[in-house]
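For any residue, its number in our numbering is found by taking its place in the sequence shown, counting from 1, and adding 2. Just so you know, even glycine gets a beta-carbon here, dropped at the ideal spot from N, CA and C. As the structure is a computational prediction, the values presented were derived from the model and not from experiment.
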Amino acid sequence: LWFRWTAETSDYYLYCLNILFLLVVFTLAPLPVALLELRAPRAVGPYKLQPRVRLSRAEFLKCYGDVMRIFFLVIGPLQLVSYPAVKMVGIHTGLPLPSLGEMAAQLLVYFLVEDYLNYWIHRLLHGEWGYEKIHRIHHEYTAPIGFAAPYAHWAEVLILGIPSFAGPAIAPGHMITFWLWIILRQMEAIDTHSGFDFPFSLTKYIPFYGGAEYHDYHHYVGGQSQSNFASVFTYCDYLYGTDRGYRFHKAYLAKLKDLAPSDGEKEGADGFAYAKLD
């Protein structure tokens with residue numbers, strides 16, 4: 003089936019399917035959590051990381067509209083013109099198809115490479131010039147939401163494309179693996195920006211995975227924050243000492259929860275903790 007389809011389809015067209023995949027991910031992946039927050043705020047309230055911040059439907063729609071503008075003006079065109087680089091590094095579409103083990107190994111490499119490079123680029127963007135000229139756009143959401151994951155200055159979108167492509171350039175594989183990488187990376191970013199720490203969070207199953215709680219602190223601190231730069235994993239922040247503020251914050255929250263009258267007042271305790279840090 004794959005052979006028959008690809009025999010009649012250009013490699014350029016197959017690569018450009020990334021545009022469709024990204025459009026679907028940016029539209030649908032954040033939707034369940036957004037609907038829960040809008041339709042059942044009391045049910046998901048205990049899991050919301052910044053419970054005092056409630057966005058309206060109009061604010062969600064505005065964020066989605068802003069992201070779609072970035073998508074059609076920057077992300078989509080970037081996909082259209084970047085095929086020569088994909089061809090040059092050796093990403094292929096032919097048979098045999100990759101095994102599950104091969105794809106898993108390559109995806110692990112892609113995540114590790116992206117995470118390390120993104121850490122340093124993100125850290126540079128929190129310098130005075132980088133933040134004021136570029137990165138502050140992304141930090142307009144001090145309480146992040148899934149739809150805001152790709153919301154950024156056009157220059158940041160281009161710059162952060164480098165670590166995303168570095169892994170496939172180092173360990174090129176099949177186009178199917180490349181598609182899966184693009185989809186999983188964006189879904190991870192949306193999860194990280196969801197603003198919720200659910201019981202089924204990946205942090206409970208994947209070692210060193212940062213997740214929403216970890217990145218939410220980065221947005222909450224805001225400004226020229228020098229904490230929690232991690233893209234996916236937390237080891238760089240730990241090794242280079244850029245998670246100290248977060249660890250202090252966690253210890254502070256633990257003390258507050260010990261003083262809370264009951265578990266039923268979790269939301270109030272969290273809200274008080276954030277207020278005390280203002």
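Inclusion of Leu24 and Ile77 in the CB contact set at 8 Å is warranted, their separation being smaller than that value. When DSSP states are grouped into helix, strand and coil, Tyr248 belongs to the helix group.
Distances from the alpha-carbon of Ser196 to those of Asp13, Pro34, Ser12 and Phe231 put Pro34 closest.
Taking 8 Å as the cut-off, the beta carbon of Thr179 is found no closer than this to the beta carbon of Leu80.
Across the structure, Gly47 and Arg56 are spaced so that their CA atoms are roughly 10 Å apart. DSSP lists no bridge partner for His217. The shortest C-alpha to C-alpha distance from Ala45 to any of Arg125, Gly67 and Phe200 is the one to Phe200. Taking C-beta separations shorter than 6 Å and ignoring five residues to either side along the sequence, the partners of Gly148 in its chain run Pro32, Val35, Ile192, His195 and Ser196, following chain order.
Phe235 sits in a strand when the DSSP states are folded into three classes.
For Gly169, the closest C-alpha among the options Cys18, Glu142 and Glu116 is that of Glu116.
Counting the other CB atoms within 10 Å of its CB gives Trp183 a total of 16 or more, which places it among the buried residues. Contact between the region 84-96 and the region 157-175 is present, with at least three C-beta pairs closer than 8 Å. Glu39 and Met105 have their C-alpha atoms some 35 Å from each other. In the displayed model, His140 falls within a helix according to three-state DSSP.
With respect to Tyr242, Phe210 sits apart: the two C-beta atoms are not nearer than 8 Å.
In its chain, beyond the 5 residues on either side, Arg125, Gln228, Ser229, Asn230, Phe231 and Cys238 have a beta carbon closer than 8 Å to the beta carbon of Thr244.
Per DSSP, the unbroken alpha helix (DSSP H) holding Ala157 starts and ends at Trp156 to Ile161. When the five nearest sequence neighbours on each side are left out, the beta carbons in the same chain lying within less than 6 Å of the beta carbon of Gly212 are those of Ala232 and Thr236, in order along the chain.
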